[in-house]
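Engineer: In terms of this note's numbering, the sequence shown is residues 1028 to 1180. Glycine included, each C-beta is placed from N, C-alpha and C at the ideal position.
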Amino acid sequence: MIFIFLLAFPTVAICDVSFPEEGLWRPQKDRDAIFRIAPCEGGAPQAKALCGWLVGLDYNTSDGPPKDFSGRSECGLEILRNFIMDKNLNAPLQGMVLDPRSGAYYHASLWMDRLDTLKLRGYLGIPLLGRTVTWSRYKGPPIGPHCQMAKGI
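1) Out of Pro1047, Cys1067, Gly1069, Leu1051, state which residue places its alpha-carbon closest to the alpha-carbon of Ile1061.
2) Compute the Euclidean distance between the alpha carbons of Leu1145 and Ser1163, then round it to the nearest angstrom.
3) May I have the straight-line CA-CA distance separating Leu1151 from Ile1111, to the nearest angstrom?
4) Tell me the start and end of each unbroken beta strand (DSSP E) in the segment 1098-1178 that is at least 3 residues and wholly inside, in chain order.
5) Can you look up Gly1091 in the DSSP assignment and give me helix, strand or coil?
6) Rounded C-beta distance between Phe1096 and Pro1127? I'm assuming under 8 Å.
7) Out of Leu1147, Glu1105, Leu1107, Gly1122, which one is the CA nearest neighbour of Asp1113?
8) With H, G and I counted as helix, E and B as strand and the rest as coil, what does DSSP make of Pro1047?
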């Protein structure tokens, strides 16, 4: 009887949305950081929001990881916050991006440009007044302790 009941109501996991934006990403231009994009921690599963953390940094061992606006390590810092899918499934995800140097948050759009290429546009007020960066999916060597990237990659 319970088996028949379970067949009549598929589990929530079947309906879960997975995002192609999830994974490790690296800016194409500067190539000095690696970001992990995944569902936001502690959020309700039905919210389906993505966040992004700084997990790889290019720095000298003796200096340690770069510091954010408040003097804390940027390692593990949440840079992308609450990127939510629009009702139009083809529209970019909308959320906020943190400038770790100033502590300011900006509105942002995030979208897949093509396979393994991600675009992030941060802006103040309207998207026209913004800047777009292109990221590539990171497939390089493992990231070392304290977010240190391998040299020469």
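Structural biologist: For this structure:
1) Locating residue 1061 in the sequence shown gives position 34, where the first residue counts as 1. Closest by C-alpha distance to Ile1061, out of Pro1047, Cys1067, Gly1069, Leu1051, is Leu1051.
2) Translated into positions along the sequence shown, residue 1145 becomes position 118. Translated into positions along the sequence shown, residue 1163 becomes position 136. So the two alpha carbons sit approximately 6 Å from each other.
3) Counted from its first residue, the sequence shown places residue 1151 at position 124. Counted from its first residue, the sequence shown places residue 1111 at position 84. Each residue's Cα considered, the two are about 18 Å apart.
4) Whole beta strand (DSSP E) segments, 3+ residues: 1105-1111, 1120-1125, 1132-1141, 1144-1150, 1157-1164.
5) Indexing the sequence shown from 1 puts residue 1091 at position 64. Coil.
6) Your numbering for residue 1096 matches position 69 in the sequence shown. Your numbering for residue 1127 matches position 100 in the sequence shown. That pair is a contact at about 6 Å.
7) Working through the sequence shown from its first residue, we reach residue 1113 at position 86. Of all alpha-carbon atoms in Leu1147, Glu1105, Leu1107, Gly1122, the one lying nearest the alpha-carbon of Asp1113 is that of Gly1122.
8) In the sequence shown, counting from the first residue as 1, residue 1047 sits at position 20. When DSSP states are grouped into helix, strand and coil, Pro1047 belongs to the coil group.
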